Every structure is written in structure tokens, then in C-alpha cells.
Amino acid sequence: MTSWEYAPAPESREIARLRPSYRMFVGGEFVEGTGEPLKTVNPATEEVLAEVSTASASDVDKAVATARKAQEKVWGRMPGAERAKYIFRIARMIAERGRELAVLESLDNGKPIRESRDVDIPTASAHFFYHAGWADKLDYAGYGPDPQPLGVAGQVIPWNFPLLMASWKIAPALACGNTVVLKPAETTPLTALVLAEIIQQADLPPGVVNILPGAGDVGSTLVNHPGVDKVAFTGSTEVGKSIQSSLAGTGKKLTLELGGKAANIVFDDAPLDQAVEGIVNGIFFNQGHVCCAGSRLLVSESIADELLATLHQRVSTLRVGDPLDKNTDVGAINSGMQLAKIRELVAAGDAEGAERWTSPCPLPERGFFFAPTVFANVSQSMRIAREEIFGPVLSVLTFRTPDEAVAKANNTPYGLSAGIWTEKGSRILWMADRMRAGVVWANTFNRFDPTAPFGGYQESGFGREGGRTGLEAYLNV
Amino acid sequence: MAAAPQATTSGADPTTARAAPPADLADLTRDESTLRRFLYGLPGVDAVGVEARAASLATRSIKKASKLWAIDTAIRMVDLTTLEGADTPGKVRTLAAKARRPDPERPGVPSVAAVCVYPDLVATAVAGLAGSEVGVASVATAFPSGRAALPVKLADVADAVAAGATEVDMVIDRGAFLSGRYGLVFDEITAVRAACGEAHLKVILETGELATYDNVRRASWLALLAGGDFIKTSTGKISPAATLPVTHVMLQAVRDFHARTGQRRGVKAAGGIRNTKEAIRYLVAVHEVAGEEWLTPSLFRFGASSLLNDLLMQRRAQHEGHYSGPDYVTVD
Amino acid sequence: MSEVRLTVAKTYKLYLGGAFPRSESGRSYPVTDQAGAFLANAAQASRKDARDAVVAARKAFGGWSGATAYNRGQVLYRVAELLEGRRDQFIAEVSASEGLKPAVAKSTVDAAIDRWVWYAGWTDKIATVFGAANPVAGPYFSFSVPEPTGVVAVFAPQSSSLLGLVSVLAPVIASGNTCVVVAGEDRPLPAITLSEVLATSDVPGGVVNILTGRTAELAPWLASHADVNALDLGGVAAANRVELEKAAAGTVKRVLRVPVEEPDWTQAPGTGRLRALLETKTVWHPMGA
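In the order they appear, the protein sequences are chains A, B and C.
The first sequence maps to residues 63 to 539 in my numbering.
The second sequence maps to residues 277 to 608 in my numbering.
The third sequence maps to residues 84 to 372 in my numbering.
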């Protein structure tokens, strides 16, 4: 009877101004790296997008030396008000080239254009804008008069929010008077290199920001480089631990933003339709490639069946496919490796006896895709309830009392985020108080803002990004 | 004719057939305190959440064949409305002609669902639409404020039905609702329902006066329990009239009502929907929230006047490959 | 008749979960003054004592972190009152332990008491000073509150037996953390007397646990203990810190950035130690009618 279909509404790939090759950015210039070039792939098609030069150990040396010189001679001495103006410029230019960056991000990362366009890029710009304002107001940040920068910051970021994570790292570092050597993720280097172009166009003094693409070895060389004073890392808990271990005894200031296994807790008096949206947003946003994803749904046993039925219905409507299609809700898994990891953990869920439901949505024939998956009857001891899957896979557990919800939510070595759904104000505050997690979303989920500190408890890392609190990571205080 | 006046698909549509609510629901309305407990027991609506969801769905884009289908469906869902003090038989005749053949130069354009007028102009509308499948809807019950005694409201309804209205758009007593007299609101709807006879009943909640989404959800259920065939957002006389988030909440109500009873009831978004882009956003909401089954004039309507011309212009643009202009559609 | 009276010697024990047990290992070690004269036998804690101390600290964490800031302030101030009452005893012990002249010992003890008062006044300022209302760009109410990190293993300074100890301990518990303190190895007596003060004050048992013994023996067990959330390695020899930091990375513990050399504890402390053991929790809620 009806012929309702969302015909493809793809954003034009031309907008990304994709080039066949990209080079690293050192000392204000794009230069050829002496490492083995890498090929970055569009995960939605498995096609090579571009060749990207990578850094060798000697390139890292050069970049750190350049950053050191720029810090001591120029950036560290520059009045805060002047630093601010540069950072404001960057914020504006990101916004101006917003659509280009969004399309490029979706091509390189696989995330839906709706998210890169509406979340990643605007938030990245906002992050620079917010921190620009701090540059000449650090005396008022609560760390005593005239707080000093740390020096050269070595930063390593993940592939899930490539440009946004670069902004979270670079903006506060610059505002506080540090210079930066940043390594984007191996599979998603492109937007960081366009950011380098913006930085160049903004006329930032050479060497203040340096961007070195490469794999884990470049990151390791960078964070362990003796010329680096401050290390900031976002990524897996496993790598975070190894960085913390390798920095032992160096006195370098370290901040880590690592994995998570957040509980999204739904009480029987929750605003159910919004809770369902929050659950969906919590685990299927960015294909579940979110460290703070609400990957464990803890639902009051009294409404579990009802909620699960509604959830299945809602998840069935999620459109999985071409990341550049404006109607796509769930894009491509970032890499074949990640897809294999997701499959392995889902198989473990099956083997351990959880009840799997997979969205009947059609999947593209090519590219790395995984259908939204919900596991019911999950128990705390199963791997899918304990390990970070980093994919569109939700584990559903039940509870009977608020105390039980708290106990189960906190029963993890992680502590990045938590969600609470109830209409009862006092219960929200009681629960929020008891969550051992750095971010608690009540009746909402996955909200980010440059003014709101973000970071984890326990094995989810230490240090905060955003807000006044986030400045501490880049000041010698 | 039976309950489905509009030019719909073939055969009787079981989803709109008159059916008494199931026994367990009838029990909920046996007295005021039970009804109140039920309404207060409905899950709350988080305002920010529903608005965010509505905004996010509004970015959906539909193209080509689907867009054409959507435009034609939207035309078939229009209740072409005139509710002015200055309405005249002449105006209503013009509207009736437009309703039958919205775009005379293009015979493929479907008729609208109904013409919506005040009760005293129902007879004119009926005459103007004779032989067509376009329904005649009449607002009644002391529209738009609803501030009159029940016998007056019922007389209003009887008048409209006697003149041939196939659909009655009633307003609820918002004063009674806001002061918590749910039983009164319920009884009034039930009484109007009885006075409608064979005519279809649309219950106008006037969501702009109910103010909160929680109230919209409660009023929706109240109207569905009392036997409304449709729940309708607004009179068009109060701002805000229809909004996407309010329509979301009402679509959730009919979806949940269906899940509980197996009966499908309709939603009418009225007031403030002026162009195709907005109309399609509503259809996206219908599709995503209630489901594809609701994408039919028997379950979703637009109460609008200027929307139709924009739909016609966009229809031409889609078919003819260039943009149209207001001089190429009739001003009625 | 001779008036010479033999003093009753004090037995120095561990302070664990609010009680004073001997080491489960049965070991003790002699403590001498700076001239080498025997002062007392101190219990030599074992790894099992350290483990039990962590259990006690974890058990106390919920109550102490959940107590109102006002209450924690009252409790800490009460500790200062009791320190003042034992001022002479502390002067004697600090003097003996550190070989200080009486006047210096006196000013050191006074500074320690004052430091305690300073931190007692911080408890109900922490959230105001380090928390925030976040002006987010959207219809949300967002605020950030500082919360205690959890169980902290503190290796107390080796030189400054009371002022140094108070300077590292008070900021830990002021914000609601609980801790296991390994006292300065060769100068543990003021720490044990402090534990007697804590026991008779209103500090709940388990909030502070004090172990005496060999720092190098106990440190690896605490640094690698999965239920310890943070480490203050100030009292550990610089050469040993690297291995301990590596062990701490195993569960992403917070490791305080402390100077290699013991600082001048008489300097104003600032807020660094308070901040280092706080986690920031950001809470969001929509605003809608």
C-alpha cells in the first residue's frame, strides 16, 4: 500500500576535497615523513582514500625540538590575550570549513554524516572557542597567581572522534601556553591534517602545533620522548596502562582517558519513550565506538519485558549503511580489526548463554558493518557484561532495588560514565551521588560540552578534559 | 456511509472500525479516582528528550519517488479548513471545489480527506461535495473555547451531524482537565461520541493550553478511552498549535493504545503546518513513532488551509523538474 | 626510701580498622633515637597486615566519604584538639625521633597542629572551590562535584615524623578518602601516638590505618593492590619509585607527583595535595517542564 522509503540522500564526497596524499605537519610546514607511508581506508567501502606520510623516530625528535623552541621562544612568552586570538581564529575556521570536515570525517572514520555534521565538528569548534577565552584568564582559574605551562605536550588520540579528540587535546594545551606534538590514530589521520591546514592558515607561529601521523610505535616514541613534559592519551585501557608504566619515574604529567563499561539504569518510573531514545543513543551513537557508551542496560525487572519489546521495535528502525547518507543512523565499523573484535565478543555472548537479538536491518554488501545487537538475560559474570566491546552491542541486565542497581553499576574496574532514568528527583540525586563514574547523565545520555569536565574514575583514567578543571592537566600546578 | 469518509484504499479498514475498548480498559474508567490513578500512572515525558528526538528526526530527508508518494499522501490527509467568523457559503463552495480537485490542471492529484467548517456551513459543504468521497468535518462543542454547558455542546454536535457532517471535531474542556476533573472531561467526550452517531469523532486536546507533554499524554489517553476515533492537537486558534514534539507524544499514545487493545486510532495535527517540508517531517514522525500502518488518511490528518497549495506547488516541482510559483495554483 | 620509679614502657602497635593489633607476623623492630639509643620496639607489619589495612580502609570508605563535609570538618577539628592535649608528648617524641632541639621540636609540633586545623577547615570548602556549575550550550543543568578518589596508600615522609606525616595525611582524609599509611621507617613513634589520638577522636575506625615496618617491604604490595586507588610515594626512596609506579599502572592508580627530596613542610601547603586525590564527577539533567 505504502511506498515509504528513505531514498539515499548522500552528502557529496566532493565536499571533502579529498587529496591523494597527505603529509605530516611540523614547524608550520607540511613535510614528507620518513616513516613508512600508510594508506587510510574508507571503512564503508574498504577503498583506499589517501596515502599519508608517517613519522619516524627522527621525525618525532624534530617535531619535539621544534615544539620546544616554539614554546620557549614564542608561545610560552606570548601574552595570553594574543594566544587567545589565535585560538579564536582556529575555532572560527573550523566552523567555516565545517561541512568539508564533516564529510571528510565520515569518509575516513565511517560515522554517519548526521553525527559528524551535528556533533563532532561543531563541538570541536566550540572546544577551541571555549579554551581561547581562558588563555588570558588563567590567573582566575583557581590555581594561584600566574600559573605556568608545562612545556611540550605529547598527545595521542583515538579513531572514534578524530577531530573532536584533537580539539580536546590541542585547545587547552594552547590556551595554557604549551606547544603540542599530536599523533592522530592510524586509521583516521585526515581531519587532523586538515586542522593542521587551518592552523597554518590561522598563522599560528610555526612549531606550536605539530601533527605526526603514524601507528602505535610513533605514539610510543612520542610519549616516551625525553623532550616531552606532558603526556595526554585517549584510547584503550590496555595502552593507557602501558603508557603509565613506561612513564614511571619520568615525572611527566600524565592524563589518561580510557575505556568504560557504563551502566544505563532504567527505573520503573522512567520517562520510557525518552529512556528508549537514551538507550539507543547511549549504545548506537557512533556505532558504539564511544568510551562512555551505555553498553550495559540495567533495567528494573518489573518493566524489563515491556522495555525490551519497545527497544527492539525502536532499534529495528535504525538505518545502517552509507555514512554519507543523511538518513543513516549507524555507519561503518572503523576497521576490519575492530569488526573482528566485536564479532569475537558477540560469539562469546552466544557461548555464555545470553539471548541475542539482532536488528533485521539490511547491511551493505561491502564495508565493515555490524547490525545493532541486543543481548538479554546477561549476567554480571559474562564477558559481554565486563569487557568493553566498543561496538553496537548492548547487554541487558536487570535489578530489583536501587541498592542492587548501584552495586551492579559500580561492579566494574571502569568508571567513566553512567545513566539514570527515573522521574523521581530525589532518586536521581541519590543515584548520581553513588555512581563511581566521572560523568552521570540523568534522563539523558552522551551529552558533551567544553564547559563540562569529562573523564574517568579508576581504570577509566585520570585527569579531566573541559571546564576549569580541565586546565589543570596543562598547567604546572 | 460508515466511519471512513475519506478517499482511502479499497475495502473497509478494520483499524478504524468502531469497537468498544477492551474490558480491562473499560474498568479503568469506572470512576474518577480509578481514571485519575491510571492517567497519573502513565510514564512521564521528558520535555528535552522528546524535543531532541523530534528535532533529530526532522533532519531525515526523503527523495524522488518517496517524496512524490509522500506529497500525494499528505494531500489525501488534508482536512481543508476554514474556521473564520467571516466564512460565507461562497467561501465554503470554493473550498469544496478545491477539495474535490485540488489541481484542476492535473487530474492525477488526489482529493483531500475532508473539508472542515463550522456547523452552520456543513450543509453548504455537503452540497458542494456531493458525489465525491471527500468528507465533511465540522467543529462543534462550542469551538474553539468549549466554554458552554453540555446540552449546548450536544446540540451543536447534533446540528452538525443532522446537516450531514461525517466527522465531528470536538474540543475538550481544558478548564476541567487542568483542574483535575478528568471524569467530567471523560463523560463529556462519551456524550459527544453518542451524539455523533455514525460520524467520526476527533477530539481536540488544544495542546497549547495543556502546556506540558505529561498533560498531552494524559489527555490523549483520556480521549482514546472515551472513544475518540482521532486525537487532534489544536483548534488553530491558540498558539502554539501543532508542534512536532507534541505530535510525537500523541503518536506514542495511539501506538501504545494499539499495543494494549489491538485498535488503531488516528492523530490529526492541526494549525501552523504551512509547507511541504514541515508536512513531510510530520509524516516521518508518523512513520517512525507510530509505524507505517498509520501513513493513511484514515489514521493521520493535517488540519490546514495554506498547506495544500504548497503541496501542490512541490508536486509540480517534483513532476516537472522546475520550481513552481504561487500564481500557478489557485487561491481559494 | 628511694623515690626512683620504673616507668611503664609503652608497646607500640599497628593501627588497623580502629584497633591496635600486633603484626600478624609477630615481628617487631627496634626504634632508636638520633643518638642510637633504644626507644621502643615497633611492630613490623607484613604484607598480610597491609592487605588487612586495605580491607579496613575500603570498608570505611562508604561511611567516611558519605559523611557530610561539615561532619568531617568537626571530626578533624576534634583531632586537632586532642593533638593539642598531647602536645608535650609529641614534642618529646618528635625531639627524640628527629633529634631536634626542644624549641624546634615545639614549633614543629605546633605547626603540625595548625596544619591539621587548616585541613579541618577545608572539608566543606572543597566542593565550592573545586566544583562547578557548567554553563553548557543546551537545555541541561550540569554541575561538577569533586569526590574522593577512594583508598589511598600513603608512604609517609622519612624525616619529618609528625609535621610531614600530618601534611600528607590530613589532605587525604579531609576530602573523604580513606588510607593506609606506612609510617616513616626509622621514626615511627609519633605516627603511632597520632594513631592513638585518632582512635580516641571521632575518626571512624578504618579511615586511617597506620602500619609501621619496612617501607621497601610493604610498598610493592600496596602499589600493586587492585583495591588501592592512589599512591603517595613521598616516603619511598627515589630509586624504588619507578618500579612502584609501574605496578600502580596495572590498575591505573593515581600517583601523586611528589618531589624527590622531602620538602620544607613548614611552607604553606597550597591545594595541590587536596586536588590530587579528588575525582570530578559531572552530572547532567535536562531542564524542561
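Glycine included, C-beta positions come from ideal geometry on N, C-alpha and C.
Here the structure is a predicted model, which means the values were calculated and not measured.
Span separating the alpha-carbon of B:Thr-335 from that of B:Gly-601: 25 Å
Within-9 Å CB hit, B:Ser-286 to chain C: With a pLDDT of 37 at B:Ser-286, under the threshold of 50, the predicted position of this residue should be treated as unreliable, though the coordinate-derived value follows. Not one chain C Cβ lies under 9 Å of B:Ser-286.
Sequence-distant residues of its chain with Cβ nearer than 8 Å to A:Met-63 (five each side left out): Here the model assigns A:Met-63 a pLDDT of 45, short of 50, so the residue's position is not dependable and the matter cannot be decided.
Interface residues of the stretch 321-353 of chain B facing chain C [CB-CB below 8 Å]: Asp-322, Ala-323, Val-324, Gly-325, Glu-327
Span of the alpha helix (DSSP H) around B:Leu-430: 426-438
Beta carbon proximity, C:Pro-222 to chain B, threshold 9 Å: yes
Reduced DSSP category for A:Trp-221 - H, G, I as helix; E, B as strand; rest coil: coil
Cβ-Cβ separation, A:Gly-340 to A:Phe-507 (assumed contact under 8 Å), whole Å: 4 Å
For C:Glu-164 and C:His-368, the rounded distance between their alpha carbons: 43 Å
Cβ contact check for the stretch 172-185 of chain A and the stretch 121-138 of chain A: 3 or more pairs under 8 Å: no
Strand pairing of A:His-351, partner residues [DSSP]: Note: A:His-351 sits in no beta bridge, so no partner.
For A:Ser-83, three-class secondary structure by DSSP: strand
Proximal residues to A:Leu-370 (C-beta, below 7 Å), its chain only, five neighbours per side dropped: Ala-438, Val-458
C:Val-87 to C:Pro-271 span [Cα, whole Å]: 29 Å
Chain-ordered neighbours of B:Glu-564 on chain A, where CB pairs are closer than 7 Å: Thr-379
Within-9 Å CB hit, A:Ala-366 to chain B: no
Inter-stretch contact at 8 Å, needing at least 3 Cβ pairs: the stretch 184-196 of chain C / the stretch 234-251 of chain C: yes
Residues within the stretch 196-229 of chain C neighbouring chain A, beta-carbon criterion of under 8 Å: Val-212, Phe-213, Ala-215, Asn-217, Pro-218, Val-219, Ala-220, Gly-221, Tyr-223, Ser-225, Ser-227
CA nearest to the CA of C:Glu-43, picked from A:Leu-537, A:Ala-324, A:Gln-520: Not covered by the structure: residue 43 of chain C. The range shown for chain C is 84 to 372.
A:Pro-72 - DSSP class collapsed to helix/strand/coil: strand
Per-residue contacts from A:Tyr-202 into chain B (C-beta, under 9 Å): The premise fails here: A:Tyr-202 is roughly 31 Å from chain B at the closest Cβ pair, so nothing lies under 9 Å.
9 Å Cβ cutoff, A:Leu-373 in contact with chain B: no
Short CB-CB distance (under 9 Å) between B:Leu-587 and chain A: no
Proximity winner among A:Pro-251, A:Ser-488, A:Pro-174, relative to A:Leu-100 (alpha-carbon distances): A:Pro-251
C:Gly-333 versus C:Leu-327 - alpha carbon distance: 10 Å
Within chain A, partners of B:Glu-409 - CB distance below 7 Å: Within 7 Å Cβ-Cβ: nothing; B:Glu-409 doesn't reach chain A, min ~17 Å.
Local conformation of C:Pro-229 per DSSP, three classes: strand
A:Val-501 versus C:Thr-365 - alpha carbon distance: 5 Å
Neighbouring residues, chain A, relative to B:Gln-590 (Cβ below 8 Å): None at all; the shortest Cβ gap to chain A is about 16 Å.
B:Thr-519 versus B:Thr-509 - alpha carbon distance: 8 Å
Stretch pair the stretch 175-183 of chain C + the stretch 285-299 of chain C: three plus CB contacts closer than 8 Å: no
Any C-beta of chain C under 9 Å from that of B:Thr-509: no
B:Glu-360 to A:Arg-496 span [Cα, whole Å]: 58 Å
Residue interval of the beta strand (DSSP E) (run including A:Cys-423): Where A:Cys-423 is concerned, there is no enclosing beta strand (DSSP E), given that its DSSP letter is neither H nor E.
Uninterrupted beta strand (DSSP E) stretches inside the stretch 353-394 of chain A (no shorter than 3 residues): 358-362
Closer than 9 Å to chain B by CB, A:Gln-511: Residue 511 of chain A is actually Asp in this sequence, not Gln. Chain B contact via Cβ: absent.
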